[in-house]
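Residue numbers (my numbering): 112 to 222.
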């Protein structure tokens with residue numbers, strides 16, 4: 112297997128993982144929104160997550176987007192979650208631009 116083929120496979124697998132993580136997080140956040148558990152006064156029991164869901168919940172909690180309230184209840188801080196998403200988008204765009212710049216520079220160097 113050539114390096115190019117290995118990188119293509121890795122890209123597809125990483126893309127699938129990122130899509131799965133995003134979908135799981137979207138369902139998790141959607142449950143809070145459907146329960147109207149976005150202000151502190153409307154905190155609700157968090158949905159029972161799977162293995163990846165627990166990891167995503169801990170990441171959201173560490174970022175301050177999911178806030179634990181009294182009695183094992185939690186709510187979604189919409190402003191913090193929006194800021195987290197903006198930060199993620201900025202990192203993704205930066206990564207893509209760095210990869211594109213690397214490809215262009217490599218192409219120019221090999222001419």
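Where a beta carbon is used, it is the ideal one built from N, C-alpha and C, also for glycine.
- Counting along the chain, residue 179 sits inside the beta strand (DSSP E) bounded by residues 177-179.
- With respect to the C-alpha of residue 160, the residue from 152, 170, 153 having the closest C-alpha is 170.
- Taking the Cα positions, residue 114 is about 18 Å away from residue 211.
- By the criterion of a C-beta distance shorter than 8 Å, residue 124 is surrounded by no residue of its chain, once the five residues flanking it on both sides are discounted.
- The straight-line gap separating the alpha-carbon atoms of residue 214 and residue 119 is approximately 15 Å.
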